[in-house]
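K.L.:
Numbering (our numbering), first residue to last: 2 to 485.
Idealized CB from N, CA, C, for every residue including glycine.
Here's a structure for you.
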């Protein structure tokens, strides 16, 4: 009987399983519901909270495999968890105390770095920031860049195919992964931990697990591709009149800077207002308000001053053509960090606007201005006074299309409009040939929406994969796609 049956264990059966897990992992690695497990049971926004049967914290791949085997033998579902920074409920238990939550937090080892081959092998529970530091110590760069780098783990980044600021140049996590070590649903260990950049010996099975949110297997280690560390960097903040101007600036910067354009982030004035109120020591770098802002970063591993000159020339051209109304260029690393701090503070600062209905979507880059205009008009008609806070990775088409509570509407009343707002946003996403989940994943939050709007053939193939790799439905049930 699988997890889909949502059975309750008897007290004796639960006690027996926890006892066996304790013998396997050590008593300190098994936390019962009456232990201090608060940080494992609720996702960051507080939207999902689930009481697991237990939290287990294996320290090795072999311990993960043995844990999975024991749970499978008992017919108990498992929920893998990394840093628990996800926003779609993908890493929390959803059953009635019937699931074992497997935290990878003790698996933090960086197994090896190959400076000549520019690769790094790391365990899944290692925080992203540690991977970045390890790469830098070898004179290299791991280009995945997230505001949550101190707590988000590599395993979680892989499971959700995380994106971030640098996607416009380096792509999502998928592009950085050379190989994986994965514990399968039957407890076997798949060793695909290659460091090869070329391997055409059959299907690339690693790609099945990237972005699967722990529903097909539990990633325990990864081989990652590194890049040369930048020796020139320029960061700028640009004030603009419109999103159309932002796309004009993107086209100009790409034509002038080529592959050195690493980040191109959009932010509206509403978000800037939130941030300036949220950060007590922050100030507006441009001194006067603009409707829209773009954060630009360019990097090169080639030494010299030519990149700075090329960026300044491009920005001057943008000003001459009316694309850029105001520009500030960081003069040093501290000033660059101060600019990026404004962008990174948008998600927490949005809380100042009350309830926020969040959408992590993507559309083709050329469709962004029309999509935003249509969506804002439809939402204003449906919910007068609604305050769209649209920001994100416009260089790759990924927008965080968030909606702040109208100033004259109660929080509960605004929450009651969520289904209508979702339908407006997601229907327009489909009309513009986009995706309802650009980088956060599907998890529990967007599963029903995926079933509604995705291509039926794609859904059927996903369900078939789930049944093949997890026939008992024990890996992260209730997330992404149903097995049946």
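For a quick check, are the C-beta atoms of residue 479 and residue 86 less than 9 Å apart?
P.N.:
Locating residue 479 in the chain shown gives position 478, counting from the first residue. Locating residue 86 in the chain shown gives position 85, counting from the first residue. No, the pair does not count as a contact, with Cβ atoms beyond the cut-off.
K.L.:
Which whole-angstrom value describes the C-beta separation of residue 486 and residue 106, a residue pair presumed to lie in contact below a C-beta threshold of 8 Å?
P.N.:
Absent from the structure is residue 486, since the part of the chain shown begins at 2 and ends at 485.
K.L.:
Around the C-beta of residue 157, are 16 or more other C-beta atoms found within 10 angstroms, so that it is buried, or is it exposed?
P.N.:
By one-based count along the chain shown, residue 157 stands at place 156. Buried is the call here.
K.L.:
Can you tell me whether residue 150 is buried or exposed, with buried defined as 16 or more other CB within 10 angstroms of its CB?
P.N.:
Within the chain shown, the letter at position 149 stands for residue 150. Under this definition residue 150 is a buried residue.
K.L.:
Could you say which of 390, 274, 393, 361 lies nearest to residue 438 if we only look at CA atoms?
P.N.:
The residue given as residue 438 occupies position 437 in the chain shown. Answer by Cα proximity: 361.
K.L.:
Which residue marks the beginning of the alpha helix (DSSP H) containing residue 377, and which one marks its end?
P.N.:
What you label residue 377 is simply residue 376 of the chain shown in a count that begins at 1. It spans 369-383 - the alpha helix (DSSP H) in which residue 377 sits, taken as one unbroken run.
K.L.:
Based on the DSSP secondary-structure assignment, which residues constitute the bridge partners of residue 141?
P.N.:
The residue given as residue 141 occupies position 140 in the chain shown. Answer is 229, bridged to residue 141.
K.L.:
Look at the alpha carbon of residue 355 and the alpha carbon of residue 13, and state the distance between them as a whole number of angstroms.
P.N.:
As a position in the chain shown, residue 355 is number 354, starting the count at 1. As a position in the chain shown, residue 13 is number 12, starting the count at 1. Spanning the two alpha carbons is a distance of roughly 46 Å.
K.L.:
Please say whether residue 296 and residue 268 have beta carbons closer to each other than 9 Å?
P.N.:
Reading the chain shown from its first residue, position 267 is the one you call residue 268. Reading the chain shown from its first residue, position 295 is the one you call residue 296. Yes; because the gap between Cβ atoms is below 9 Å, this pair is in contact.
K.L.:
Within the continuous alpha helix (DSSP H) that includes residue 279, where are the two ends?
P.N.:
Along the chain shown, read from residue 1 onward, the residue named residue 279 stands at position 278. Note, residue 279: alpha helix (DSSP H), 270-279.
K.L.:
Would you mind giving the Cβ-Cβ distance between residue 214 and residue 477, rounded to the nearest angstrom? I have them listed as a contact below 8 Å.
P.N.:
The residue labelled residue 214 in the question sits at position 213 within the chain shown. The residue labelled residue 477 in the question sits at position 476 within the chain shown. The pair is a contact, with the Cβ atoms about 6 Å apart (cut-off 8 Å).
K.L.:
Tell me which residues share the same chain as residue 418 and place their Cβ nearer than 6 Å to its Cβ, disregarding the 5 neighbours each side in the sequence.
P.N.:
Mapped onto the chain shown, residue 418 falls at position 417. Same-chain partners within the cutoff: 384.
K.L.:
If we count the other Cβ atoms within 10 Å of its Cβ and call it buried at 16 or more, is residue 63 buried or exposed?
P.N.:
Sequence index remark: in the chain shown, residue 63 carries index 62 (1-based). Classification of residue 63: exposed, given that the 10 Å Cβ count is below 16.
K.L.:
Any beta carbon from chain D within less than 9 Å of residue 232's own beta carbon?
P.N.:
This model lacks chain D altogether; it includes just one protein chain.
K.L.:
Closest by CA to residue 110, which one among 93, 103, 129?
P.N.:
Within the chain shown, numbered from 1, the residue matching residue 110 stands at position 109. Nearest C-alpha to residue 110: 129.
K.L.:
Using a threshold of 9 Å, state whether the C-beta atoms of residue 234 and residue 278 are closer than that.
P.N.:
Sequence index remark: in the chain shown, residue 234 carries index 233 (1-based). Sequence index remark: in the chain shown, residue 278 carries index 277 (1-based). Taking 9 Å as the cut-off, the beta carbon of residue 234 is found no closer than this to the beta carbon of residue 278.
K.L.:
In terms of residues, what are the limits of the alpha helix (DSSP H) holding residue 335?
P.N.:
Translated into positions along the chain shown, residue 335 becomes position 334. First-last of the alpha helix (DSSP H) with residue 335: 334-345.
K.L.:
Tell me, which residues are paired with residue 314 by DSSP?
P.N.:
Taking the chain shown and counting its residues from 1, one reaches residue 314 at position 313. According to DSSP, residue 314 bridges with nothing at all.
K.L.:
Would you report the Cα separation of residue 29 and residue 401, rounded to the nearest angstrom?
P.N.:
The count along the chain shown starts at 1 and reaches residue 29 at position 28. The count along the chain shown starts at 1 and reaches residue 401 at position 400. Take the alpha-carbon of residue 29 and the one of residue 401: they are about 40 Å apart.
K.L.:
Please state whether the Cβ-Cβ distance between residue 112 and residue 264 is less than 9 Å.
P.N.:
Translated into positions along the chain shown, residue 112 becomes position 111. Translated into positions along the chain shown, residue 264 becomes position 263. Cβ distance not < 9 Å, so residue 112 and residue 264 don't count as in contact.
K.L.:
Since residue 190 sits in a beta bridge, which residues does DSSP pair it with?
P.N.:
The count along the chain shown starts at 1 and reaches residue 190 at position 189. In DSSP, residue 190 forms a bridge with 184.
K.L.:
Looking at the secondary structure, which residues open and close the beta strand (DSSP E) in which residue 81 lies?
P.N.:
Taking the chain shown and counting its residues from 1, the one referred to as residue 81 is at position 80. For residue 81, the enclosing beta strand (DSSP E) has its first and last residue at 78-82.
K.L.:
Enumerate in chain order the residues of its own chain whose CB-to-CB distance from residue 6 is below 6 Å, with the five nearest sequence positions on each side excluded.
P.N.:
By 1-based counting over the chain shown, the position of residue 6 is 5. Bear in mind that the predicted position of residue 6 carries a pLDDT of just 42, short of 50, making it too unreliable to give a figure here.
K.L.:
Got a sec? Which residues, its chain only, sit under 6 Å from residue 152 by beta carbon, not counting five neighbours each side?
P.N.:
Here the question's residue 152 lines up with position 151 in the chain shown. A distance below 6 Å between beta-carbons, with the five flanking residues on each side excluded, links residue 152 to the following residues of its chain, in chain order: 84, 86.
K.L.:
Count the C-beta pairs between the segment 317-327 and the segment 344-351 that are closer than 8 Å, then say yes if the count reaches three, no if not.
P.N.:
Taking one beta carbon from each stretch, the segment 317-327 and the segment 344-351 have fewer than 3 pairs nearer than 8 Å; the two do not touch.
K.L.:
With residue 453 as the anchor, note down where its beta strand (DSSP E) starts and where it stops.
P.N.:
Against the chain shown, residue 453 aligns to sequence position 452. Run containing residue 453: none in the beta strand (DSSP E); it sits in the alpha helix (DSSP H), 448-454.
K.L.:
For residue 473, which option in 340, 332, 79 has the closest C-alpha, if you only look at C-alpha atoms?
P.N.:
Here residue 473 refers to the residue found at position 472 when the chain shown is read from its first residue. When each option's Cα is compared against that of residue 473, the closest is 79.
K.L.:
What residue from 369, 24, 408, 92 has the CA that sits closest to residue 395's CA?
P.N.:
Taking the chain shown and counting its residues from 1, the one referred to as residue 395 is at position 394. It is 369.
K.L.:
Within 10 Å of its beta-carbon, does residue 204 have 16 or more other beta-carbons around it, so buried, or fewer, so exposed?
P.N.:
Position 203 of the chain shown, counted from the first residue, corresponds to residue 204. It is exposed - the Cβ of residue 204 has fewer than 16 other Cβ atoms within 10 Å.
K.L.:
By the three-class DSSP mapping on this structure, what secondary structure does residue 54 have?
P.N.:
Position 53 of the chain shown, counted from the first residue, corresponds to residue 54. Of the three classes helix, strand and coil, the one that applies to residue 54 here is coil, per DSSP.
K.L.:
Would you list the residues sitting across from residue 120 in a DSSP beta bridge?
P.N.:
As a position in the chain shown, residue 120 is number 119, starting the count at 1. BP columns for residue 120 point to 115, 226.
K.L.:
To the nearest angstrom, report how far apart residue 431 and residue 453 are at their CA atoms.
P.N.:
As a position in the chain shown, residue 431 is number 430, starting the count at 1. As a position in the chain shown, residue 453 is number 452, starting the count at 1. Rounded to the nearest angstrom, the two C-alpha atoms are 11 Å apart.
K.L.:
Can you give me the C-alpha to C-alpha distance between residue 210 and residue 217, rounded to a whole angstrom?
P.N.:
Position 209 of the chain shown, counted from the start, is the residue given in the question as residue 210. Position 216 of the chain shown, counted from the start, is the residue given in the question as residue 217. Straight-line Cα distance between these residues: approximately 6 Å.
K.L.:
DSSP beta-bridge partners for residue 294?
P.N.:
To locate residue 294, count along the chain shown from 1; it is residue 293. Its beta-bridge partners are 240, 268.
K.L.:
Grab the span of the beta strand (DSSP E) containing residue 363 for me, first residue to last.
P.N.:
By 1-based counting over the chain shown, the position of residue 363 is 362. Where residue 363 is concerned, the enclosing beta strand (DSSP E) stretches over 361-363.
K.L.:
Between the C-alpha atoms of residue 421 and residue 388, what's the straight-line distance to the nearest angstrom?
P.N.:
Position 420 of the chain shown, counted from the start, is the residue given in the question as residue 421. Position 387 of the chain shown, counted from the start, is the residue given in the question as residue 388. One C-alpha to the other measures close to 15 Å.
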